[in-house]
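Residue numbers (full-length UniProt numbering): 1 to 685.
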């Protein structure tokens, strides 16, 4: 802790004095500042932030006795310069927990310091408010008020107008021709309180340790993803010869206009490398492929090359570069799958057999995720040649970065050492600070958290399997409060492997509901191609698509579906338009839950400054739901009891709302309200 003496406050109240934590004996400073936020693993890892984001900060601040304390959060730049200073407020009186938000604007390393201090003016004002009306120590209270205002006048940086406010109040305190209440009035008034609060008198300033923060660009934490298989885009089937012709990177580039038109930010490609022929899988993960079956792109490598090659059916590096260039022209960034595994005929298997696990019978162990078996994939073993393997992976990542890849979706990172990821992501960040990594880690929370702390900017999440209001509310709170400072969840609504029962049996309303929840609930969300067509047929008894695109070509006629009204492309477009128009939707930790009488209605809001969005969703895709939604108006930053205008961004309806509001949602017409709040003039858009 760092402590300043009272007499230093006039000149030092706006400057941070840094000292080693243990410069003086003991853990606590003169003012106790504990449990600061954001703090990840006691500062071993930086908290995460996006440039322009509202970052929640806070600490428990108190002192001995009954005198009042105050707190500031100070945002520091990479060289220790003060960027922002924010006065914190006690969120619940009597808890000693002070909170607020800071707003980092620059990408790069930063730090946050929480300062606690004795609040001399507030202590005097409290005492005077209770004592003077009761006739207790009246003269003493008035004299102490003069001293309090003199000290406030001595604080550097106060404007002439504010000084005049304080002098008038001081002069009134000194008027012996007036009664005590009249003398006291201005010194306790709102005008003086506001002036002092802006530049308070701070005694015994005690600073927490600096809390490290990594501020990253918007795409690291606020983006909409769209996934497709390049080989399916433009694929053709010859009905006479009964053979397929693969789509290419050039034909796939023709689809980018539609993806960009829907408002997505990222086009995500599964592995584009040669696919193994040994143990190649057939349709629906069968073991008996027919000639011409393309196999799984995640079975990387063959005699045609490995992770540093492109499948010849897709084209070459010139074609890849053209794809990236077209995406960039449309405002899209390209995310490439980084699948660190190998098919049995990958060049690594013969050149580096030590990179795999050899069993007692001499065979190499293939991948398993019981009950699933992946005979076409060999997992890597980092224990035999750790340095050699990590050099090779870095070489591969550098190769694709050189060809314009700015984002990597990492397949099964939880099957590799966390130590390796910490090294690789740190090395890439040092060389290419704008590159983003997404962890596809559907695994135990401790591993997901460790990967996030190790440097992954984004993570898949359990959102896919959270369907009821209780499940969703519990999960949103967990993501906000427990892991919000370091884990950024990407709410993918589906993946090539995941088609939940909710989507299988919920019809088009279910697809709308999940899209609203994902796009509004998290700053990061994703869609796998076919979602807009409400593809819902699964292999019996599973959550995998029938005729899974992982193992076969699957061209789609998006234009025909759009023409006959079977496509949700327009709906996804509208959701992304709302996201782009309203900054509040681009943050995770600003979410607030609201009560509804019907357990099938989920209500939450997000607020960033004056941008306020309320989302009300009918989670039942089969039935109309009517209920009362109770809005915590104060969570919107509005006065208790106030009414306000809302405009629905989906239906364009407009209403006056308050604390208690009637809602009727028909899933077959529109299962959700996305309401923009206007507190003043009623313009909701």
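We treat Cβ as the ideally placed atom computed from N, Cα and C, and that holds for glycine.
This one's a predicted model, so the numbers in the text were calculated from it and none came from an experiment.
Under the 8 Å Cβ criterion, the region 285-298 does not count as touching the region 351-363, having fewer than three qualifying pairs. Ranked by Cα distance from residue 558, the options 529, 472, 278 and 487 are led by 529. DSSP places residue 126 in the uninterrupted alpha helix (DSSP H) bounded by 120-131.
For residue 437, DSSP records a beta bridge to 408. About 14 Å separates the beta carbon of residue 332 from that of residue 436, a gap too long to meet the 8 Å contact definition.
According to the DSSP assignment, residue 401 belongs to the alpha helix (DSSP H) that extends over 386-402. Restricted to the region 515-598, the alpha helix (DSSP H) segments that are unbroken, complete and at least 4 residues in length are 558-563 and 569-581, listed in chain order. Rounded to the nearest whole angstrom, the C-alpha separation of residue 229 and residue 628 is 44 Å. The beta carbon of residue 252 lies closer than 6 Å to those of 230 and 233 in the same chain, with the five residues before and after it left out.
Beta-bridge pairing by DSSP links residue 341 to 379. Annotation: the region 164-239 contains the following complete segments of the alpha helix (DSSP H) (minimum length 4 residues), in chain order: 180-188 and 190-198. Taking a C-beta distance under 7 Å as the contact criterion, residue 327 and residue 273 do not qualify as a contact pair. Using a Cβ distance threshold of 7 Å, residue 602 and residue 617 count as a contacting pair. The beta carbon of residue 131 is closer than 6 Å to those of 137 and 141 in its chain, skipping five residues each way along the sequence. With the rule of 3 Cβ pairs closer than 8 Å, the region 370-388 counts as touching the region 339-346. For residue 41, the secondary structure class from DSSP, reduced to helix, strand or coil, is helix. Within the region 294-338, the complete beta strand (DSSP E) runs of at least 3 residues fall at 333-338. In the DSSP assignment, residue 269 falls within the unbroken beta strand (DSSP E) covering 266-269. Here DSSP, grouped into helix, strand and coil, assigns residue 611 to strand. In the DSSP assignment, residue 647 falls outside any alpha helix (DSSP H) and lies within the beta strand (DSSP E) extending over 644-648. If you draw a 10 Å sphere on the C-beta of residue 340, you find 16 or more other C-beta atoms in it, and that means buried. Bridge partners of residue 678 according to DSSP: 645.
Distance from the CA atom of residue 172 to the CA atom of residue 117, rounded to whole angstroms, is 28 Å. Each residue's CA atom was taken as its position, placing residue 461 and residue 471 some 13 Å apart. In the three-state reduction of the DSSP assignment, residue 251 falls in the helix class. Contact check for residue 281 and residue 109: beta-carbon distance about 45 Å, past the 8 Å limit, so the pair fails to qualify.
Short of 7 Å from the beta carbon of residue 165, and not among the five residues preceding or following it, lie these beta carbons of its own chain, in chain order: 191, 192 and 195. Only exposed fits residue 426, as fewer than 16 other CB atoms lie within 10 angstroms of its CB. Judged by DSSP secondary structure, residue 71 falls within the beta strand (DSSP E) whose first and last residues are 69-76. Straight across, the Cα-Cα distance linking residue 454 with residue 411 is about 16 Å. A distance below 7 Å between beta-carbons, with the five flanking residues on each side excluded, links residue 237 to the following residues of its chain, in chain order: 244. For residue 477, no beta strand (DSSP E) segment is defined; the enclosing uninterrupted segment is the alpha helix (DSSP H) at 469-477. DSSP places residue 665 within a strand segment (E or B) once states are collapsed to three.
Residue nearest to residue 504 within the set 580, 536 and 604 is 536 (criterion: CA-CA distance). CA-to-CA, the gap between residue 635 and residue 592 works out to about 7 Å. In this structure the region 93-107 does not touch the region 177-191; the number of beta carbon pairs closer than 8 Å is below three.
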